[in-house]
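Numbering (our numbering), first residue to last: 4 to 622. Backbone N, C-alpha and C fix where the C-beta goes; we use that ideal spot for every residue, glycine too. Keep in mind that this is a model prediction, so the values were computed, not measured. Notes follow once the structure below has been shown.
As C-alpha cells, this is what we get:
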C-alpha cells in the first residue's frame, strides 16, 4: 500500500522522446482498428492517458471523457459506439501486456442477443362492413402493431368490449356475458372515467393477456374521444421485450371504430355509469396480419489476463470487472436524437478497470494470484455479457476465487461509498474494514442485496463478490450523465482502495470461502402484496419466465427453485412472459401455498411456493 500511495502522490513527469514515439504508435494502431467510425482528435485525447502507471484523477477523467463522448453515441450494446469502446479497451490491454483471453487468441469473447423490434413486411388491417364494402387501413399512418403482439394473421368476427377490463373483484367486467372465443375484440385504451383503481388492469400487457385468456384471437385498441390520449396509433415501442403476449394486437386511429358505430356516446355511457357496455358487431369481419422482426445483435466482452507472481497461487484468479456499455441513443417525441453518454454508468467503472489494469501490469510482483480484467458488454440488456462469461468461461471457473465489480463509481458524495457483497464471504468484512482504515470512507453495505450488476452472475456460481458503487442520482439513465458531472478526485481514491482490496485478495494464503447471503431486514411496501424472491433472466427469449437466480432464504429457494428453471404456470394461469407472472402474483395471498409449474432439464415439474408479504428494503 505504501508504494501505491507514493505512486499516486508523485507528479507525472514529462514523457521522454521514446515515450512520445510509443504513444504515437499506439495511436496509429487504435485509429486503424476503428476506422469504420469517426475517430479523430477525441481518440488521441483518450489514448494519451496511457502515459502514467499511477492511479490518477487526470487519467480517470481522460478515459471517461472519451468513452462518454458523443462520438461513441452512448455505447449501446450491439452498436458501432460499443465496438469502438471495445477496441479502445483492447488496445490499452495490449499496450500493457495483458494476455488475450477471448475467442481465438483475441481479447474479445463474442456473443449475440435479441435486439430491437422493427416492422416487417406485410402488416395489414382490413374491415368488411355489413354491406360488403371493404375498408383497408394503412400501416404506420392508420394502425400500428403493438410491440407485445404475436406474429401471424387472422380473420374473424369483431366484438366491442369497452375498456377490455375484467375485474370482478372491483365490480367491473367488460367480458361478462359476452362470448369472444375465436373472435377479434375492440377495446378502448385507458380505464373507465380515468378511475385509477383500474390502473393495474388497464395496462397494455394486462389488456392483451385478458383478451387471450378469454379466448380472443386478436385485440384492437383505440383512443376514445373522451380519453386523455391523442387520436393516433400507439407509437411503436421498439425496445426489446420478453416473449410476446400470445395474441395478435394492433392500435388504430379513431376512424376505425367510427366506421362501425358512434364511439363518443358509448364511451360516455360507460364512464358515467361505471357499467360495462359490450356488444357484438353483426355482419362485420376483420382481417389483420402482424409481422414484427427482432434484430439479432452482436456484442463482446473484452478480457485480458495478468499472470500472478507465485508459481502455485498464479493458477487461481481474481476477476476485476466493469461493464462498458450504456443505453445508446433515444429519439424524442419531436424527432430529436438524444445521446445517453453514460459517464457514471458506467464509463466511470470502465475507467477504473483500465487504471487498475495499467497499475497492476506495472506492479506484477505485488500479486501472487493472477488477475483477469473483464470489460463486460450488454449489461444494460440484462447482464448478458457477464452471464455469457460464467456460462462459457475462458478460464476454469473453479479457479476464480473472487470477483470485484465497479459500477457507477463517479458520484462520491459526503465521502460515502457503498461496498456491497460483503456477506458473500466470511473474509470480506474484516478485509474491507481494515483496508478502509487507510482511506476513511463512510462505508455502507446492504446485507444480502447485491444490486443488479455483473457481479451477480458470479455470485450465482458460488463465487465471493464485492461491488463498489457510489449510489443513484438524478442523472441516472438520462442524457445529462456527462463526463463533467463526475467527482474524479473521489474516483481516484475509490480506485486506489479497490487496488488495495484486490492486492489483499490476490495474496491471501487460502482462497476466500463463499457463503450465501442472509435475507435483508425489510419493511412492508405497496402495491404488490407478495414476493417469491425470484431473479428473472431478462434476456430470455423463450416462453415463460427463466430464472437467473433466487434470493437466499426466499420462498422460491425454500420451494427448490433455482437458476435455469423456467416458470410456465402459476396458480393455473399460463405464464408466457414476465407480465403474466406479475399479474398472476398480484392475485395470490401472502403465506398461502401456490402451485408453480416449471420446466427443468426438459421436464415439467410442479412445486409449491408459499409467497411472503411484499416488503421493502430497510433504509
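DSSP state of residue i, grouped into three classes?
i: residue 270; result: helix
i: residue 606; result: strand
i: residue 408; result: strand
i: residue 361; result: helix
i: residue 577; result: strand
i: residue 584; result: helix
i: residue 459; result: helix
i: residue 616; result: strand
i: residue 354; result: helix
i: residue 286; result: strand
i: residue 466; result: coil
i: residue 147; result: strand
i: residue 183; result: coil
i: residue 598; result: strand
i: residue 514; result: coil
i: residue 97; result: helix
i: residue 250; result: coil
i: residue 175; result: strand
i: residue 82; result: coil
i: residue 435; result: helix
i: residue 219; result: coil
i: residue 340; result: strand
i: residue 61; result: helix
i: residue 403; result: strand
Could you give the distance in angstroms between the alpha-carbon of residue i and the alpha-carbon of residue j?
i: residue 58; j: residue 100; result: 17 angstroms
i: residue 68; j: residue 345; result: 11 angstroms
i: residue 509; j: residue 573; result: 45 angstroms
i: residue 396; j: residue 299; result: 22 angstroms
i: residue 360; j: residue 598; result: 49 angstroms
i: residue 201; j: residue 109; result: 54 angstroms
i: residue 471; j: residue 306; result: 20 angstroms
i: residue 378; j: residue 404; result: 18 angstroms
i: residue 66; j: residue 327; result: 11 angstroms
i: residue 193; j: residue 587; result: 21 angstroms
i: residue 607; j: residue 320; result: 38 angstroms
i: residue 455; j: residue 448; result: 15 angstroms
i: residue 51; j: residue 88; result: Confidence at residue 51 is low in this model, with a pLDDT of 46, below 50, so its placement is unreliable and the value that follows should be read with caution. Going from the Cα of residue 51 to the Cα of residue 88 covers about 15 angstroms.
i: residue 366; j: residue 616; result: 51 angstroms
i: residue 541; j: residue 381; result: 12 angstroms
i: residue 469; j: residue 174; result: 50 angstroms
So, for residue i: in the same chain, excluding its five sequence neighbours on each side, which residues have a beta-carbon less than 8 angstroms away from its beta-carbon?
i: residue 494; result: 60, 63, 351, 354, 355, 412, 413, 415
i: residue 313; result: 371, 372
i: residue 334; result: 340, 341
Where do the N-terminal and C-terminal ends of the beta strand (DSSP E) with residue i fall, by residue?
i: residue 302; result: 295–309
i: residue 156; result: 155–163
i: residue 539; result: 537–539
i: residue 378; result: 373–379
i: residue 420; result: 419–423
i: residue 200; result: No beta strand (DSSP E) holds residue 200; DSSP gives it neither H nor E.
i: residue 549; result: 548–553
i: residue 322; result: 320–326
With a cut-off of 8 angstroms on the beta carbons, I'd call residue i and residue j a contact; round off their distance for me.
i: residue 291; j: residue 156; result: 7 angstroms
i: residue 408; j: residue 324; result: 5 angstroms
i: residue 250; j: residue 223; result: That belief does not hold up - the Cβ atoms of residue 250 and residue 223 are roughly 11 angstroms apart, past 8 angstroms.
i: residue 191; j: residue 218; result: 20 angstroms between Cβ atoms; not a contact.
i: residue 225; j: residue 264; result: With a Cβ gap of about 11 angstroms, residue 225 and residue 264 do not count as contacting.
i: residue 625; j: residue 289; result: Nothing can be reported for residue 625: it is not among the residues displayed for the chain, which extend from 4 to 622.
Tell me whether residue i, by its Cβ, gets closer than 6 angstroms to a heavy atom of the ligand ADP.
i: residue 88; result: Annotation note on the ligand ADP: not contained in the displayed structure, which lists no ligands.
By Cβ distance below 7 angstroms, which residues in the same chain neighbour residue i in space, the five residues on each side in sequence not counted?
i: residue 82; result: 76, 331
i: residue 364; result: 99, 100, 101, 309
i: residue 584; result: 548, 570, 573, 578
i: residue 428; result: 467, 515, 516, 517, 518
i: residue 460; result: 386, 389, 390, 393
i: residue 383; result: 80, 328, 329, 330
In the DSSP assignment, find the unbroken alpha helix (DSSP H) run with residue i in it and report its ends.
i: residue 391; result: 387–394
i: residue 137; result: Taken as a continuous stretch (DSSP letters only), residue 137 belongs to no alpha helix (DSSP H), being part of the beta strand (DSSP E) at 137–140.
i: residue 112; result: Note, residue 112: premise wrong, no alpha helix (DSSP H); beta strand (DSSP E) at 111–122.
i: residue 493; result: 491–509
i: residue 258; result: 257–261
Give every residue of the same chain whose Cβ lies closer than 6 angstroms to the Cβ of residue i, excluding the five residues on either side of it in the sequence, and list them in chain order.
i: residue 603; result: 568
i: residue 552; result: 463, 538, 566
i: residue 196; result: 274
i: residue 559; result: 535, 536, 537, 553
i: residue 609; result: 598, 600
i: residue 272; result: 280
i: residue 564; result: 553
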